[in-house]
Structure formats: C-alpha cells, structure tokens
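Inspection log for the structure reproduced underneath, given as structure tokens.
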Amino acid sequence: MTVMKSVLGAAAMFALSSHASLADPALIYDLGGKFDKSFNEAAYRGAARWVEETGGSYKELEMQSEAQREQALRRLAESGANPIVTTGFAFADTLNTVAPDYPDTTFAIIDSIVDQPNVRSIVFKEEQGSYLVGMLAAEASKTGTVGFIGGMDIPLIRKFACGYVQGAKAANPDIKILQNMTGSTPAAWNDPVKGAELAKAQVSQGADVIYAAAGGTGIGILQAAADEDILSIGVDSNQNMLHPGKVLTSMVKRVDNAVFDMFSAGADLEPGTVTLGLSDDGVAYAMDENNADLVTDAMRAPVDAAGAKIAAGEIEVHDYTTDSACPVQ
Amino acid sequence: MDYPTLIAILDSTLRLATPLLLACLAGLYSERSGVVDIGLEGKMLMAAMASGVVAYLTGNVWAGVGAAIGASILFSMIHGLASITFRGNQLISGVALNFLASGLTVLIAQALFHQGGRTPALSGNARFSTITLPFEAEIRQVPILGPLYSDVLSGHSILVYVALLAVPVTWWVLYRTRFGLRLRAVGENPESVDTAGISVVGMRYGALVITGLLCGLAGAYMSTGLQAGFGREMIAGRGYIALAALIFANWHPWRALGATMLFGFLQALALRPDVLSNFGLSVPDAFLDALPYVLTVIVLAGVVGKPTPPKAGGQPYVKER
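Same order as they appear, the protein sequences are chains A and B.
Here the working numbering is used: position 206 in the first sequence is 1634, and no number is missing along the way.
Here the working numbering is used: position 280 in the second sequence is 312, and no number is missing along the way.
As structure tokens, then:
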C-alpha cells in the first residue's frame, strides 16, 4: 500500500511539478469553491495580489468533495509546494494526519487551530468585527429591534452572535436582538430559502437590520432583506455590492491579507498560532460606494472610537468560545 | 401567541409548504403507477438550477420554468429508462439520480458563471413577482377572516396557487378519469391492466412525465419564486420530506395537501422559537425539524390506521412469456 502510494505520489509530483518551479506556495480552497463571494474568494484575492506584486506563481486546488481532502494535501506536499495554505476549519482533522508525514513542509490553516510543529494556524477575532457591525446595526435601526441569523449552530457562529449582541447593546442598551440559527447540520450552510423565511420571520417581529453569518444561506437572507426593504449585514467578504443601498455593511475577515502575508513569507513561514483582530487589521466593517449613503459620519464616529479602544485593549469583547457562554442576550 | 403572529406563521407555512406539496403530488403520480421515486430531491435540484440559469440568460421567468420542467422530465425519463425499460432497481436508480444532480447542478452553474456553483442574482422579469388576489383590500376589513385571506392567501407568486389548484385536479384525474383509473390499476395490479390491452410501460412513462412536470415547478418555485437564483444543494432535503409526506398522506391527494401543510407549519414554527417559549415550552429547533420524519415512522408503524401503499410499487413489470 505504501509503495503504491509513493509510486502514485511520484507520478502526481511529476505531473504537478512539470510547469512550476519547486517551493512555490500553494492554496487549497474549501468546498464553498473559489468564487463563493465570501471566504474562499477572499483567500484567492490575497493570492492574486501576491502574484501581482511579486510576479511569483502559486499552485491552487479547488476541493470538489469531502473525500479529496487528504489526497489533495499529500499531492501538493509531495510536489514540493511550500507553504501550503488551506482555508476553512474542515481541514483541521486532515492536517493533523498529513502534516507529521511532511516535516519539511509548512502548512497553514485559516479559521482553526492545529497543534503540529509545522502548522501555522490563523484564527480571527470575529467577535471584535461583529461588535462593530452590531453598533452600526443598532444605530441604523429605527424600530429598536435588530436580528442575527447564523448558519449551522456551532461555537464559531455563536462567537459572531455574541460579539454582535455586545456591540448593539453598547450602542443602544434598550435594543432588542432576535437570534436564530438556520439548523444543526451542515445543510444549514446552503439553505437560502430557509434563511429568507427566517429573515421574514424576524421582520414580522420588528427587526429592520439583520446580520447574516450563514455562508450560502446568507445569500437568501440578504435577498429577503432587500425584498422586504430593510437592511442587512454581510459577512467574511465585502458583500455590500450584492444589493447596493440595502446592505448596511459587511463584517470582513481579512483572509486576503493573511494569505498575502503567508505567501510573502514563503518557505520561511513560522509555525504557531496567530490571532488576528482589530489591532492587526484582521477584521473590519466594509465601507464602499454601495453603502456610503447608509453609514453617515455621525454613525461611524462612535464605532471607530470603539474600534480604537478594542484594538488598544480598553474595551474587552467577550469571546463565546472561551467559556461557551455570552454575558448579554 | 397573538393573532398577527399566527397570521405571519401561516403565511410562512404556505410558502414553505408549496415546494413540498408540488413534490409530494409528483411522487404521488409516480408511486401510484408503481414506480417508487426517491429521486424527487435530485429532480427539484436540476429544475432549480435550470430555471436559475435560463431565467438569468433570457431575463424571462417563464422561460426558466420551461427549462426547469424540461430538465426535470429529462431526469424522470432516465429514471424510467433504468427502472421501467431495463427493470433496474427503482431505489438505486433514484439515489443515483440524486447524486448525479447534486454534482451536475454545481458543475453546470460553475462552468457557466464561475460563482462557486451559484447562478447570478435574478431581478425584474427574471423572477416571479407576488400576486395580490382580487378584493384583497376590501376583504381585509372583515374581522378575523379578513387577514386570513389578505395576508395569508394573497401575496404569493403564481406557483403557490398552481400548487393548490393541482390538488383538486390530481384528485379529479385519479378518481374521475379513465387515465386515473388505469394509473391506479397499474400500480395495484399491472397484470390486469396488461390483460385489458393497455400498455403498462406506457402508463408508467406517462406518470413519470407528470412527476417530472410537478418536480420542475417545485424546483422553479424554489429558485425563481422564493429565491433569486440557484445555490448549491438549495433544495436541502425537501424532496425527502415530500416523500415522508406522501407516506403520511397514504398516497391520497387531499391528504397530501394536509400533510404538506402540517409539515410546512412545523417548519414555520421552528423559525419562531419565541412563540414556543411563550407557551412555556422549550423545544429545540432540531426536534421540530425531525418531527415530520417521526410522524411518518409512527404512521408507517400502523399506529394510526393502516398504511396502504400501491401494491405493485417498487416492482418492475415483467410480462409473462
């Protein structure tokens, strides 16, 4: 079996390395796909910017099924790519298996922590970015009710929700926050119809700003919000352009910056865990021409002030994943 | 729970139940003819993708519906070819088609638009707009019943009314026409139909065309009525819930309406945890999501009446030689 594996591996290595020089960085997109208008696309933008600025080349692979994970990682490792960047928490288990077999290659994972000597883990302080968009939501709300709709009910998404609630309460202590999760199985990431119904249900309860942290389901939430003529907040990538003038802002995770920095470091990429928050420009709320009229300078001032305080450590935003609880509801 | 909340939930129920109802009736035609169709999910997925693609390219939602029906009937015919003509296992053929649809839809959408397997957002005439029923404003004034008409029944896209209309039509076709009599007979006792000189194969293919048509409408409603475009795996198991509803309804059109409305109501209720907690009930969403399947198992176990599936269901017909 192992002989077979190495023969196959050698063949794969030959096939892959015929065009690119050794030690190119590599990027593997998770199942959402390269152009998902969200997480993976942000990673792609980082890689594209690196190519533009350095003229280098990189290898990329788009996952098509769950079963490909290990095979894809091994293939890239054996082709000599270094570092190999994987996007998405779903790669954590696979990395734990594969990384020890290739001690000379540095792997990286975004959105999860893998404790291996040759893995760089990058996680974001989503609660900080969510805190800021929570403040904006509370300021933009006329009804005094705002909503949050998560995808699958996992601690990571609760972390978004908890930051959002804290921010909204900070801007308006009397605000009412409705919270829903789409479901408890992975299907909850891809059910735009249920997302839209949840948004409509929140609208009927008075919500006029809804924050969607729900992957593909979020597309349906943003659509329903635009149809119902209320505001929505996008997530991960800047989603303001999906419905110009209807998306208040987006809580962006600068996955692109993270990928750019790791590609720039090249084979010298240091293993270990890096947490990116407001102080490192790892998370932010998105402003562009699509929402310039929605977010006034008067609204931005307190938000930017709070952002500076969080970055300086003067405001502590509670992280749900530390104790599986949120201090405010 | 106050009255406006109930109205909002019922409104949501009707939207969520419509794809279930269309798919359930689709399954009813197929299974009544003796062909078990577990591939409702796959057909809806193909239809949702086809209508998203064609509605976007042409800017016309009806062209999208046409494409949805075409794609769905195509899949129905593959199922027919495998399970009627070649007498393959109907369950395996259905499952295979579900897998095929799951991959093929994303592949096609990705190849065409490069947006991670999604189709671009539809707007204007490429989407179904909502219809306001006649005298909506006048009837709204009537206490209690007014909002039921104006807020629950009125204001949906036309496919919702098509689905509701499909129930009496299906009942009439099945129980009042010659075609319906033969259809039921071919699912109960194909030999007798064959003896009468009617083609069993022809009847079953006919039923599958109707199944494809209804699944096409269900998929089109998902991507161009409820949503503005196709997204990967967007049917999210509704084809299977429709199958459960079909069993729950004991393969009867009027009961199918009741079953899908009940399942739709459960889904709508799951969206409003606040309502349940007002009653002092703390029910996890997952329980409400699972309830349709639990109810179906209870029905299958024969706790409430005896389920009477079509006798020849699942068996390919072999003419005696």
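Glycine included, C-beta positions come from ideal geometry on N, C-alpha and C.
Is it true that the CB of residue 1526 of chain A sits closer than 8 Å to the CB of residue 1502 of chain A? Yes, they are a contact pair.
Since residue 1759 of chain A sits in a beta bridge, which residues does DSSP pair it with? Residue 1759 of chain A lies beyond the stretch modelled for chain A, which goes from 1429 to 1757, so this question has no answer here.
Short of 7 Å in beta carbon distance, which residues of its chain neighbour residue 1449 of chain A, apart from the five on each side in sequence? Order them along the chain. For residue 1449 of chain A, the predicted model reports a pLDDT of 45, less than 50, meaning its position is unreliable; a value from the coordinates is still stated below. Excluding residues up to 5 positions away in sequence, nothing lies with its Cβ nearer than 7 Å to the Cβ of residue 1449 of chain A in the same chain.
Residues in the region 165-197 of chain B with C-beta within 9 Å of chain A's C-beta atoms, listed in sequence order? So nothing in the stretch comes that close.
Is the Cβ of residue 1470 of chain A closer than 8 Å to any Cβ of chain B? By this cut-off, residue 1470 of chain A is not an interface position.
Proximal chain B residues relative to residue 1670 of chain A, where beta-carbon distance stays under 9 Å: In chain order: 153.
Residues of the region 44-57 of chain B with a CB closer than 7 Å to any CB of chain D: list them in chain order, please. Of the chains in the structure shown, none is chain D; the protein chains are A and B.
Touching by the beta-carbon criterion (3+ pairs, under 8 Å), the region 1552-1564 of chain A and the region 1665-1683 of chain A: Look at the beta carbons and you see the region 1552-1564 of chain A touching the region 1665-1683 of chain A: at least three pairs across the two are nearer than 8 Å.
Around the C-beta of residue 1593 of chain A, are 16 or more other C-beta atoms found within 10 angstroms, so that it is buried, or is it exposed? Buried: at least 16 other Cβ atoms inside 10 Å.
Can you list, in chain order, the residues of its chain with a C-beta nearer than 8 Å to that of residue 244 of chain B? Leave out the 5 residues immediately preceding and following it. Only 58, 75, 101, 104, 105, 106, 107, 108, 109 meet the Cβ criterion.
Can you tell me whether residue 1573 of chain A is helix, strand or coil according to DSSP? Note: residue 1573 of chain A maps to strand in three-state DSSP.
Let me check understanding here. Comparing Cα to Cα, which of B:139, B:346, B:187, B:257 lies closest to residue 168 of chain B? Ranking B:139, B:346, B:187, B:257 by Cα distance to residue 168 of chain B puts B:187 first.
How many whole angstroms separate the CB atoms of residue 1470 of chain A and residue 1665 of chain A, which I take to be in contact at a CB cut-off of 8 Å? The C-beta distance from residue 1470 of chain A to residue 1665 of chain A rounds to 5 Å, short enough to meet the 8 Å contact threshold.
Interface flag, residue 1539 of chain A vs chain B, CB-CB below 8 Å: Answer no: the Cβ-Cβ gap between residue 1539 of chain A and chain B never drops below 8 Å.
So what does DSSP say about residue 1584 of chain A, is it helix, strand or coil? It is helical.
Closer than 8 Å by beta-carbon distance: list the chain A residues that pair up with residue 149 of chain B, in chain order. Within 8 Å Cβ-Cβ: 1461.
Can you find a CB in chain A that lies within less than 8 Å of the CB of residue 254 of chain B? By this cut-off, residue 254 of chain B is an interface position.
Which term fits residue 1576 of chain A, buried or exposed, when burial requires 16 or more other beta carbons within 10 angstroms of its beta carbon? So residue 1576 of chain A ends up on the buried side.
For residue 257 of chain B and residue 249 of chain B, I'd like the C-alpha separation in whole angstroms. The alpha-carbon atoms of residue 257 of chain B and residue 249 of chain B are separated by roughly 10 Å.
Residue 1601 of chain A burial status per 10 Å Cβ neighbour count (16 or more: buried): By the neighbour-count rule (16 or more Cβ atoms within 10 Å), residue 1601 of chain A is not buried but exposed.
Name the residues in the region 249-273 of chain B whose C-beta lies less than 7 Å from a C-beta of chain A; which are they? Within the region 249-273 of chain B, the residues whose Cβ lies closer than 7 Å to some Cβ of chain A are 254, 258, 259, 260, 263, 264, 265, 266, 268, 269, listed in chain order.
With a threshold of 8 Å on Cβ separation, who are the neighbours of residue 153 of chain B within its own chain once the five nearest residues in sequence on each side are excluded? Closer than 8 Å at the Cβ level, and outside the excluded window around residue 153 of chain B, lie 260, 261.
Identify the contact partners of residue 321 of chain B in chain A, using a Cβ-Cβ distance below 9 Å as the criterion. What residue 321 of chain B touches in chain A: 1611, 1612, 1613.
For residue 142 of chain B, which residues from the same chain have a beta carbon less than 6 Å from its beta carbon, with the 5 sequence-adjacent residues on both sides left out? Hits under 6 Å: 149.
Contacts that residue 1496 of chain A makes with chain B (C-beta to C-beta distance below 9 Å): Under the 9 Å cutoff, chain B gives no residues; its nearest Cβ is about 13 Å from residue 1496 of chain A.
Roughly how far, in whole angstroms, is the beta-carbon of residue 274 of chain B from the beta-carbon of residue 77 of chain B, given that I think they are within contact range, below 8 Å? No, residue 274 of chain B and residue 77 of chain B are not in contact; Cβ-Cβ is about 13 Å, not under 8 Å.
How is the alpha helix (DSSP H) around residue 1685 of chain A delimited, first residue to last? Start and end: 1683-1693.
With a threshold of 8 Å between beta carbons, is residue 1632 of chain A in contact with chain B? Under the 8 Å criterion on CB atoms, residue 1632 of chain A is classed as interfacial with respect to chain B.
Could you give the DSSP three-state label for residue 284 of chain B: helix, strand or coil? Residue state, collapsed to three classes: coil.
Would you kindly report the start and end of the unbroken beta strand (DSSP E) that includes residue 1662 of chain A? Element bounds for residue 1662 of chain A: 1659-1664.
Helix, strand or coil at residue 1611 of chain A according to DSSP, with G and I counted as helix: It is a strand residue.
Could you run through the region 1670-1698 of chain A and flag, in chain order, every residue whose CB is less than 9 Å away from some CB of chain B? Taking 9 Å as the Cβ-Cβ cut-off against chain B, the residues of the region 1670-1698 of chain A that qualify are 1670, 1671.
Identity of the residue in A:1647, A:1711, A:1670, A:1733 nearest residue 1718 of chain A by Cα: Of A:1647, A:1711, A:1670, A:1733, the residue nearest in Cα terms is A:1670.
Compare the C-beta of residue 1628 of chain A with all C-beta atoms of chain B and state if any pair is closer than 8 Å. Against chain B, the CB of residue 1628 of chain A has a partner CB under 8 Å away; the residue lies at that interface.
Backbone CA spacing between residue 145 of chain B and residue 139 of chain B [nearest angstrom]: Going by the C-alpha atoms only, they are around 10 Å apart.
What are the partner residues of residue 1578 of chain A, as DSSP defines its beta bridges? Here residue 1578 of chain A is bridged, per DSSP, to A:1609, A:1641.
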